[in-house]
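Residues 13 to 129 (my numbering) make up the sequence shown, in order.
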Amino acid sequence: GSRCLDCFKWRLLKTAKFAQSRGIEAFTTTLASSRWKSLEQINLAGAWASAQTAGTRFWDKNWRKGGLQERRNQLLAINRFYNQQYCGCEFSFRGQAVDSKSESAVDSKSIADSHSK
Numbered sequence: 013g014s015r016c017l018d019c020f021k022w023r024l025l026k027t028a029k030f031a032q033s034r035g036i037e038a039f040t041t042t043l044a045s046s047r048w049k050s051l052e053q054i055n056l057a058g059a060w061a062s063a064q065t066a067g068t069r070f071w072d073k074n075w076r077k078g079g080l081q082e083r084r085n086q087l088l089a090i091n092r093f094y095n096q097q098y099c100g101c102e103f104s105f106r107g108q109a110v111d112s113k114s115e116s117a118v119d120s121k122s123i124a125d126s127h128s129k
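Set out below in structure tokens:
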């Protein structure tokens with residue numbers, strides 16, 4: 013929703029400024045590989061952040077096509093990376109269904125409560 017777009021803008025502006033401060037031209041986000049988030053909103057936010065930050069450009073690669081999603085899943089498994097099923101915001105916590113069979117399943121309400129303190 014509109015909250016997501018605002019959040020993406022805020023996050024990507026911080027990323028663009030970080031890149032700019034280190035002389036890095038291109039920046040992107042792992043959110044672009046998430047099937048739960050709007051790629052259109054992410055790309056809009058990235059383009060906006062780049063326009064606010066001279067000398068940077070947002071790399072708007074579609075990480076969900078061309079075998080990249082499968083490659084991502086392979087790397088997660090090989091490296092035993094945690095695969096977060098939400099973007100990280102409080103509202104996403106509350107909407108996330110917890111898989112009780114998962115080793116990493118946690119009570120989303122307790123996480124959301126701990127973040128609101």
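For every residue, glycine included, the Cβ atom is placed at its ideal position computed from N, Cα and C.
Looking at the DSSP output, F70 shares a beta bridge with F39. F93 carries a coil assignment under DSSP once its states are collapsed to helix, strand and coil.
Contact check for W60 against F39 fails: the beta carbons are separated by 8 angstroms or more. Here I54 is near F20, since their CB atoms are less than 8 angstroms apart.
A straight-line Cα-Cα distance of about 17 angstroms links K29 and D18. Relative to Y98, the option among Q32, L87, L43, N74 whose CA is nearest is L43. For S62, the uninterrupted alpha helix (DSSP H) segment begins and ends at 51–64. Residue nearest to K77 within the set L51, R69, N91, I90 is L51 (criterion: CA-CA distance). According to the DSSP assignment, R15 belongs to the alpha helix (DSSP H) that extends over 14–33. Excluding sequence positions up to five before and after C101, its CB lies within less than 7 angstroms of the CB of C19, all in the same chain and listed in chain order. Taking all protein chains shown into account, R23 has 16 or more neighbouring C-beta atoms within 10 Å of its C-beta and is therefore buried.
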